[in-house]
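Reviewing the structure listed below.
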Amino acid sequence: MNLPRQLILATAALLAFSTAPQAQDLKGPVRLIVGYPAGGSADAVARMVAEGLKDEIKTSVVVENRAGAGGQIAADYVRALPGDGTTILVANSHMMVMLPLTSKAVKYDSVADFKPIGRMTSFYEAIALPSSVAATDVKQWIDLAKGDAKLSSFGVPAAGSVSHFIGYKLGADAKVSLQAVPYKGAAPLVQDLLGNQISAGILPILDVAQHSQSGKMRVLAVNGTKRAQLLPEVPTLKELGVSGFDSLEWTALFVPRTTPDATSERLNAALNKVLAQKSVQERLLKLGMESHPSTPAELSSLVSSDLATWRPVVKASGFTID
0 MNLPRQLILA TAALLAFSTA PQAQDLKGPV RLIVGYPAGG SADAVARMVA
50 EGLKDEIKTS VVVENRAGAG GQIAADYVRA LPGDGTTILV ANSHMMVMLP
100 LTSKAVKYDS VADFKPIGRM TSFYEAIALP SSVAATDVKQ WIDLAKGDAK
150 LSSFGVPAAG SVSHFIGYKL GADAKVSLQA VPYKGAAPLV QDLLGNQISA
200 GILPILDVAQ HSQSGKMRVL AVNGTKRAQL LPEVPTLKEL GVSGFDSLEW
250 TALFVPRTTP DATSERLNAA LNKVLAQKSV QERLLKLGME SHPSTPAELS
300 SLVSSDLATW RPVVKASGFT ID
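Numbering (numbering that gives the first Met the number 0), first residue to last: 0 to 321.
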């Protein structure tokens, strides 16, 4: 009497096993497409992850740089390819959130054109002042800026970056006009901060950590909901009672929207195993990033949430790259 039922259960189990995602089934080689030049932080993260992924998915993984237009060239390239899991976009929040909000030239839709695999890292923005500026907290800096136009300017590594709009929102919320001064990267901004050529900067935490620790620069706060591992003594804006700055910047992997769910889930499982390795976490921290794995659904929610958070801020600022 029970034999047919046992046969049905056994057959179902066999079918489930045969159709379950198997990392070794992925056809290679797999390419990680980076929208920035070799040698930068995005490239370094991609190569680190590629090194671990090849062991998890049992095929070769290579990094290919397609730099230009702030990552747009790479994103456009990947979105037009077949969704077979062999070409993966290494993206960051600037490419997937800030560029679509600030440039009419962006052709891709971050939500409609890509399927998320998973987040890799998160990283912090820091509000930093030269040690010569008297302010010791964010409120004091804003109060000084209200009374002295020379202290109302803040440097950012690039126009239209998250740091640009963090400064804009801080000023708008406090009803003071804080003026962004765009630089060509963080390095020249750091030099001007150290040389007292500008009174404040909002930039990635890695660029100011050592100067904060040496006393040459004062870091007032970071974004996010918890303190950064690189500067655990520095409070978050949230701790200081300044709301609206919970979201961190991030790097993540995406594939073309037509990629099967089983493939993206298989890649996600492999990626998260790589990110769980202590050696990888330590290497990422040296790049100013913290390992921050996610599910595909969590990454999808993050992209939508960040777009919703920054869209009204960008619109209110009137800023456009074009």
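We put the CB at the ideal spot given by N, CA and C, even for glycine.
The structure presented is a predicted model; accordingly, all values stated were derived computationally and were not measured.
- Task: Provide the residue(s) that pair with residue 138 in DSSP beta bridges, ordered along the chain.
- Result: Position 139 of the sequence shown holds residue 138. Answer is none; residue 138 lacks a bridge partner.
- Put residue 308 into one of helix, strand or coil per three-state DSSP. Here residue 308 is taken as the residue at index 309 of the sequence shown, counted from 1. Per DSSP, reduced to three states, the secondary structure at residue 308 is helical.
- Using 8 Å as the threshold, is the region 142-157 in touch with the region 194-214, meaning 3 or more CB pairs across them? The region 142-157 makes contact with the region 194-214: 3 or more CB pairs, one atom from each, lie closer than 8 Å.
- State yes or no: is the C-beta of residue 72 within less than 8 Å of the C-beta of residue 123? Residue numbering aside, residue 72 sits at position 73 when the sequence shown is read from its first letter. Residue numbering aside, residue 123 sits at position 124 when the sequence shown is read from its first letter. No, the Cβ-Cβ distance between residue 72 and residue 123 is not below 8 Å.
- Quick one: what does DSSP say residue 99 is sitting in, helix, strand or coil? Locating residue 99 in the sequence shown gives position 100, counting from the first residue. DSSP places residue 99 in helix when its eight states are reduced to three.
- Query: Roughly how far, in whole angstroms, is the beta-carbon of residue 82 from the beta-carbon of residue 294, given that I think they are within contact range, below 8 Å?
  - Reply: Along the sequence shown, read from residue 1 onward, the residue named residue 82 stands at position 83. Along the sequence shown, read from residue 1 onward, the residue named residue 294 stands at position 295. Actually they are not in contact, since the Cβ atoms of residue 82 and residue 294 sit about 19 Å apart, beyond 8 Å.
- Message: Comparing C-alpha positions only, which one of 305, 33, 46, 307 sits nearest to residue 65?
- Response: Locating residue 65 in the sequence shown gives position 66, where the first residue counts as 1. Looking at the Cα atoms, 33 is the closest of the given residues.
- Cβ-based burial, residue 195 [other Cβ within 10 Å; buried from 16]: Against the sequence shown, residue 195 aligns to sequence position 196. Residue 195 should be labelled exposed.
- Item | Reference residue 68; option with closest CA among 45, 58, 97 | Walking along the sequence shown from the start, residue 68 turns up at place 69. Residue 97 is the option with its Cα nearest to residue 68.
- Query: Where DSSP assigns a beta bridge to residue 226, which residues make up the other side?
  - Reply: Position 227 of the sequence shown, counted from the start, is the residue given in the question as residue 226. BP columns for residue 226 are empty, so no partner.
- Message: Please list the terminal residues of the continuous beta strand (DSSP E) segment that includes residue 33.
- Response: Working through the sequence shown from its first residue, we reach residue 33 at position 34. Its beta strand (DSSP E) spans residues 29-33.
- Item | Within the region 57-127, ranges of the alpha helix (DSSP H) (whole runs, at least 4 residues) | The qualifying runs are 71-78, 98-101.
- Item | the region 286-301 / the region 251-268 touching (three or more Cβ pairs under 8 Å) | Yes: at least three Cβ pairs fall under 8 Å.
- Query: What residue from 236, 216, 244, 263 has the CA that sits closest to residue 161's CA?
  - Reply: Your numbering for residue 161 matches position 162 in the sequence shown. For residue 161, the closest C-alpha among the options 236, 216, 244, 263 is that of 244.
- Query: So, is residue 23 buried or exposed, given that buried needs 16 or more other C-beta atoms within 10 angstroms?
  - Reply: Here residue 23 is taken as the residue at index 24 of the sequence shown, counted from 1. Low confidence applies to residue 23: its pLDDT is 40, below 50, so where it sits in the model is not reliable, and the reading given next is rough at best. Answer is exposed; the Cβ neighbour count stays below 16.
- Message: Quick check on residue 21: buried or exposed, where buried means 16 or more other Cβ atoms within 10 Å of its Cβ?
- Response: Residue 21 sits at position 22 when you count from the first residue of the sequence shown. Low per-residue confidence applies at residue 21: pLDDT is 42, beneath 50, and the placement is therefore not dependable, though the value from the model is reported in the following sentence. Around the beta carbon of residue 21, a 10 Å sphere encloses fewer than 16 other beta carbons of the protein chains shown; the residue is thus reported as exposed.
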